[in-house]
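Under the numbering used here, the first residue of the sequence shown is numbered 1, with each subsequent residue one higher.
For every residue, glycine included, the Cβ atom is placed at its ideal position computed from N, Cα and C.
Quick caveat, the model's predicted, so the values are computed rather than measured.
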Amino acid sequence: MSAAVEFRVGLASCGVANGARPVHQAVERAVREAGRGTAKAVGCGGMCHREPLLEVVEDGRSVLYTRVTPEAVPAIVRRHLRPRRLSTRVRWLADSLRDDGASREAEGVEAGTGTAPRVVLENCGRLDPSSLDDALALGAYEALRSAAADLTPDAVVERISASGLRGRGGAGFPTGRKWALARRQPAPRYVIANGDEGDPGAFMDRLVLESDPHRVVEGLALAAFAVGAEEGFFYVRAEYPLAVRRVREAIRQAEERGLLGEGALGGRLRLRLEVREGAGAARLITKGAVPT
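Shown next as structure tokens:
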């Protein structure tokens, strides 16, 4: 058994509502007792109907446990970790003999089996949403750095147009055309990320805002660079308190690292972002603004 074992527990709204926080605490206790392994809080893994989820990543292999209870955690951890201390190993062996029935109930499956490749949500369930370092390790802000260093705003708009990217709100309006129209408007210009989700039962915005906020922050910053905006807003409904906290934290972290704010990216970007909470589904679109 490898010492580099990572236990990922989904702590997005869906996981927390189904009891994932006590599961994460149980994993932390078991890992601490073993003296090795890592308990990691991640976002939504996509299987909300089977929360709480516990994914164990070891030597490039991933095993997913679903509907996990705090009581099942010790048996799961014992399968994947060998404690450092001999006394703990002996005690864990005795515990495994006593709770063999509980151990059999917590069966895992190979993660990713039968699932389609992800694009926007590829990092959800893999990274700690509150960690900029996690996001950077998975490529966050590389596109923004590259655009600001090597491309003009017009060139960014041309690339977006050539990509065929379209809006996902139903009309399928070409993103490149939207950015080009906004760029032709007189200053000041603004960019807006609409995370209100007024449609009944919709939660795709909440999922990505809670689970990979730096991806959305980078996307809005790219739009701002392309259209020449120096100010932007995240419009998120107040009923999504976790999404609001995660986005605000992501903005703060990006500003501290020089990725946003005055003179960001070595003076190539000047952008201030903030979160505005809304209590309804009304949308405001003004001339010179790019709602995303």
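On a Cα-Cα basis, can you pick out the residue from the options that is closest to residue i?
{"i": "Ala34", "options": "Ala4, Gly15 and Ala12", "result": "Ala4"}
{"i": "Leu132", "options": "Pro52, Glu58 and Arg248", "result": "Arg248"}
{"i": "Val190", "options": "Pro213, Ala250, Arg272 and Asp134", "result": "The question names Val, but residue 190 is Tyr in the sequence shown. Comparing Cα positions, the closest option is Arg272."}
{"i": "Phe7", "options": "Asp212, Arg61 and Leu265", "result": "Arg61"}
{"i": "Ile76", "options": "Cys48, Lys40, Val216 and Val31", "result": "Val31"}
{"i": "Glu274", "options": "Ala140, Glu231 and Glu218", "result": "Glu231"}
{"i": "Pro22", "options": "Gly164, Met204 and Ala72", "result": "Ala72"}
{"i": "Leu259", "options": "Ala223, Arg177 and Tyr141", "result": "Tyr141"}
{"i": "Leu220", "options": "Ala143, Pro70 and Ala135", "result": "Ala143"}
{"i": "Ala223", "options": "Gly266, Ala17, Glu239 and Thr152", "result": "Thr152"}
Should residue i go down as buried or exposed, given a rule of 16 or more other Cβ atoms within 10 Å for buried?
{"i": "Ala256", "result": "According to the sequence provided, residue 256 is Glu. The question's Ala does not apply to it. Glu256 comes out exposed."}
{"i": "Pro188", "result": "exposed"}
{"i": "Phe225", "result": "buried"}
{"i": "Glu197", "result": "buried"}
{"i": "Ser13", "result": "buried"}
{"i": "His49", "result": "exposed"}
{"i": "Arg237", "result": "buried"}
{"i": "Glu218", "result": "buried"}
{"i": "Arg308", "result": "Any property of residue 308 remains undetermined from this structure, which presents the chain solely from 1 to 292."}
{"i": "Met204", "result": "exposed"}
{"i": "Arg304", "result": "In the structure as shown, the chain begins at 1 and stops at 292. Residue 304 is therefore absent and cannot be evaluated."}
{"i": "Arg246", "result": "buried"}
{"i": "Met1", "result": "With a pLDDT of only 49 at Met1, under 50, the local geometry of the prediction cannot be trusted, and the value read off the model is given with reservation. So Met1 counts as exposed."}
{"i": "Ala20", "result": "buried"}
{"i": "Arg276", "result": "exposed"}
{"i": "Ala182", "result": "buried"}
Is residue i near residue j, with beta carbons less than 8 Å apart?
{"i": "Ala193", "j": "Tyr235", "result": "yes"}
{"i": "Gly10", "j": "Pro74", "result": "no"}
{"i": "Leu127", "j": "Val42", "result": "yes"}
{"i": "Ala243", "j": "Arg206", "result": "yes"}
{"i": "Glu55", "j": "Gly45", "result": "yes"}
{"i": "Leu81", "j": "Arg36", "result": "yes"}
{"i": "Ser161", "j": "Gly176", "result": "yes"}
{"i": "Asp59", "j": "Asn123", "result": "no"}
Quick one: measure Cβ to Cβ for residue i and residue j, integer angstroms, because I've assumed they're closer than 8 Å.
{"i": "Val156", "j": "Ala147", "result": "5 Å"}
{"i": "Pro129", "j": "Glu210", "result": "6 Å"}
{"i": "Trp179", "j": "Val227", "result": "5 Å"}
{"i": "Arg29", "j": "Ala149", "result": "In fact, because the Cβ distance is near 46 Å, the residues do not count as touching under 8 Å."}
Whole beta strand (DSSP E) runs in the stretch 170-252 with 3 or more residues, listed along the chain? 190-195 and 231-237
At what residue ranges does the stretch 33-81 contain a whole run of the alpha helix (DSSP H), taking only runs of 4 or more? 73-80
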